[in-house]
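Trainee: There's a structure below that I have some questions on.
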Amino acid sequence: MGKEHLSYWPLVPGFRLASLEGVHRSHQREYERFLRDRDSAKNAIADLEKAPDPAPTYAFYRGLKAYLAALVDCLSEKIMVIQQLESAMHSLLQEHAAFSLKRRQAELQEEAAHLQRLAARKMDDAPEPSGLAEDVGAQKLPDKTAACRVRRRQARESSGMSQHEEGTYSDGDDDSNSVSPSEGADFRERRGAILRSCHSVFKDVNEEFSDVQKILLKFQQWRERFPDSYHEAYASLCLPKLFSPFIRIQMLDWNPLKPDCVSLQHMPWFQSLEGFANSGAATQREEESPDREILPAALEKTVLPHIIGFVRFLWDPVSTSQTRSLVQHCREILGLCAATQGRGGHATQQELKDSVVSRLKKAVEEDVFIPLYPKRVVEDKASPHARFQEQQFWSAVKLLGNILLWDGLVLKDALRELVLDKLLSRYLVIGLSNACPGPGVAEKYRRVVESLPKSWLSGQHAGSSVPQLSSFTNALVRAAQQLHDSELRSEVGEMVLLLVKMKALTQARAFVERNQLDLLRSCVNEPQ
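Counting from 1, position 60 in the sequence shown corresponds to residue 60 in UniProt numbering; the numbering is continuous, with no gaps.
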């Protein structure tokens, strides 16, 4: 025990020295940290001394907050008025469109029933003098129907449109001729009252809260002075919704079904938002600027729903003028959305396309009617039955052309099904098969073939047309054979060329060989 006790004490001084060195190093590290904190504090003090007075920045944000609160309150109050005006205008237009559609369908039913009664009484057994049959038939129609028809015919003649195929001109192509003068005056008066109310919506509001340019100026100042807080607040996502009331009120009288409807890119709201977005993109790389999403978002949230309403409730697909105008504006809007590659909104675009297809299907089901009469009834081309059948055939051809104006906008498969499986196979082929052979038959087939997009007829194999065109091809071959038997050589040649154009080379060669048409062999052996 004594030896062990004596050997321990020499180790004590070394242990205490190591402990003191550890404490010293700890104090040294703390001292260095204090030095760094002192230097950091000095730098912070220097930066704060150089920083501008925070009072103006605070005043700007406080003023901006108060301004935005007042703006939101103002728009929340006015949006109810705008919605009421939109509802009133939409109801007026819908009433006007429904009246024109119902009147046209009523006239069609009345004329069809009238001609059916004539056929039942075998009036065709005592044909009336040429040129008088239509007039006599028209006299027996209801007075209102006859008066509307005379009014539209006079309007076409006065505008130089008297030469046209029966059925290719519809009431929807000129609304001014589809209603009586008194009805037109009432419509204009009610529309004018709505527009006058529209112009007074912001009459009691200071320009600072009602002028789009002045409002955008506030956001531009924010973006230029404090870009970080502007982007962190996601202001570019809020602007489309904030400006929606101004867009809606400017578009209250914007009708995409009218041929003279102004382009969206020429509207004040569009130019203002476009200028604001472009000025923001100029300050940084364009693909990184969130402001470039302002326009596509405004189009998808406000403009596309506006157009969808017209498609569902106001558009008449039988009207070529309405369809051309609507297609033009849809191409413009969808093109703008695609050009900016906007994020989201694809559901609204798809809703528009689905609404178009749905409305076209409804038009095919409800507006296409080609009556079938015994050939002895329609052999006389001047008979009311023959004229009515021609009118309805050309009306269906017109609808075919209107539907195909949407090629490239709506889904190709949906369009092909609608055109080939429904309109062509169910209606036009039956009407063509029932037509009497003679001059003018080839013209009917030609108009149908030329309406079909070339892309639908390409890429076929084995010298045959697309399967959906088989019934139409067979009807064309039968009609060509009837024309050949009637010795209408020029019409036969045109029918063969139509088969070649449809890539139905097998049927064309068989027809040429069967009838020994030597002059046409070169056409069917060298596809055009």
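Even for Gly, the Cβ is constructed at its ideal location relative to N, Cα and C.
1) Roughly how many angstroms lie between the CA atoms of Ala-18 and Asp-37, to the nearest whole one?
2) Which runs of the alpha helix (DSSP H) spanning at least 4 residues fall entirely within the segment 169–243, listed in chain order?
3) Can you give the Cα-Cα distance for Lys-65 and Ala-46, rounded to whole angstroms?
4) Along the chain, which unbroken stretches of the alpha helix (DSSP H) at least 4 residues long are found entirely within the segment 432–478?
5) Taking C-alpha atoms, which residue in Phe-472, Gly-280, Leu-488 lies nearest to Leu-498?
6) Is it buried or exposed for Leu-217, if we count other Cβ within 10 angstroms and need 16 for buried?
7) Would Leu-264 and Val-303 qualify as a contact pair, given that the criterion is a beta-carbon distance under 9 Å?
8) I think Gly-309 touches His-114, with their Cβ atoms under 8 Å apart; what is that distance to the nearest whole Å?
9) Curious, which full-length alpha helix (DSSP H) runs of at least 4 residues does the segment 342–412 contain?
10) Does the distance from the C-beta atom of Leu-428 to that of Val-397 stay below 9 Å?
11) Kindly indicate which residue of Val-378, Leu-520, Leu-48 has the alpha-carbon position closest to the one of Gly-431.
12) Check each candidate in Leu-520, Glu-351, Arg-223, Pro-439 and name the one with the smallest Cα separation from Ser-486.
13) What do you reckon, are the CB atoms on Leu-273 and Ala-235 nearer than 9 Å?
14) Terminal residues of the continuous alpha helix (DSSP H) containing Val-512?
15) Kindly indicate the opening and closing residues of the alpha helix (DSSP H) around Leu-299.
16) Which whole-angstrom value describes the C-beta separation of Asn-402 and Thr-323, a residue pair presumed to lie in contact below a C-beta threshold of 8 Å?
17) What is the DSSP secondary structure of Val-492, counted as helix, strand or coil?
18) Applying the criterion that 16 or more other CB atoms from any shown protein chain within 10 Å of the CB defines a buried residue, is Leu-35 buried or exposed?
19) Helix, strand or coil for Leu-252, going by three-state DSSP, please let me know.
20) Taking 9 Å as the threshold (C-beta atoms), are Leu-399 and Val-318 in contact?
21) Counting C-beta neighbours from all protein chains within 10 Å, is the total for His-329 16 or more, i.e. buried, or is it exposed?
22) Out of Leu-418, Arg-387, Arg-103, state which residue places its alpha-carbon closest to the alpha-carbon of Ala-363.
23) Once DSSP output is grouped into helix, strand and coil, what is the label at Asp-316?
24) In or out: Met-495 buried (at least 16 other Cβ within 10 Å) or exposed?
25) Specify the secondary structure class of Arg-521 as computed by DSSP and reduced to three states.
26) Using CA coordinates, which residue listed in Arg-387, Phe-226, Ala-479, Lys-381 is at the minimum distance from Ile-370?
27) Could you check what DSSP says for Pro-268 in three-state terms: helix, strand or coil?
28) Go ahead and pull the three-state DSSP assignment for Ser-100.
29) In whole angstroms, what is the alpha-carbon distance linking Leu-505 and Pro-467?
30) What would DSSP say about Glu-487, mapped onto helix, strand or coil?
31) One question on the structure: do Ser-325 and Cys-261 come within less than 9 Å of each other, judged by their Cβ atoms?
32) Give the DSSP-derived three-state secondary structure of Cys-330 in the structure shown.
33) Count the other C-beta atoms from every protein chain shown that fall within 10 angstroms of the C-beta of Phe-270, then say buried if there are 16 or more, exposed otherwise.
34) Suppose contacts are defined by Cβ-Cβ distances below 9 Å. Is Ile-82 in contact with Ile-215 by that definition?
35) Met-89 by DSSP, collapsed to three states: which one?
Mentor: According to the data block:
1) Cα-Cα distance, rounded: 29 Å.
2) Counting whole runs of 4 or more residues, the segment 169–243 contains the alpha helix (DSSP H) stretches 181–199, 207–210, 212–225, 227–232, 235–242.
3) The alpha-carbon atoms of Lys-65 and Ala-46 are separated by roughly 31 Å.
4) DSSP assignment within the segment 432–478 yields the following whole alpha helix (DSSP H) runs of 4 residues or more, N-terminal first: 441–451, 454–457.
5) Considering only alpha carbons, the answer is Phe-472.
6) Leu-217 should be labelled exposed.
7) At the C-beta level, Leu-264 and Val-303 come within 9 Å of one another.
8) Contact annotation, Gly-309 with His-114: C-beta distance approximately 37 Å; criterion of less than 8 Å not satisfied.
9) Listed in chain order, they are 346–367, 375–378, 384–404.
10) Their beta carbons are under 9 Å apart, which means Leu-428 touches Val-397 by this criterion.
11) Taking only the C-alpha atoms, the option nearest Gly-431 is Val-378.
12) When each option's Cα is compared against that of Ser-486, the closest is Pro-439.
13) Taking 9 Å as the Cβ cut-off, Leu-273 and Ala-235 do not qualify as a contacting pair.
14) Looking at the DSSP string, the run of the alpha helix (DSSP H) that includes Val-512 is 505–514.
15) First-last for Leu-299: undefined, no H or E at that position.
16) Their Cβ separation, rounded to whole angstroms, is 4 Å, which keeps Asn-402 and Thr-323 in contact under 8 Å.
17) Residue state, collapsed to three classes: helix.
18) Exposed is the call here.
19) Leu-252 falls in the coil class under three-state DSSP.
20) Result yes, Cβ atoms of Val-318 and Leu-399 sit closer than 9 Å.
21) Classification for His-329: buried.
22) Among Leu-418, Arg-387, Arg-103, the Cα nearest to that of Ala-363 is on Leu-418.
23) Residue state, collapsed to three classes: coil.
24) In summary, Met-495 is buried, with 16 or more beta-carbon neighbours lying within 10 Å of its beta-carbon over all protein chains present.
25) The three-state secondary structure of Arg-521, taken from DSSP, is helix.
26) It is Arg-387.
27) Reduced to three states, the DSSP call for Pro-268 is helix.
28) In the three-state DSSP reduction, Ser-100 falls in the helix class (H, G or I).
29) Taking the straight line from one Cα to the other gives about 14 Å.
30) Per DSSP, reduced to three states, the secondary structure at Glu-487 is coil, with no helix or strand assignment.
31) Going by C-beta atoms, Ser-325 is nearer than 9 Å to Cys-261.
32) Taken through DSSP and simplified to helix, strand or coil, Cys-330 comes out as helix.
33) Burial call: buried.
34) Not closer than 9 Å, so no.
35) Collapsing the DSSP output to three states places Met-89 in a helix.
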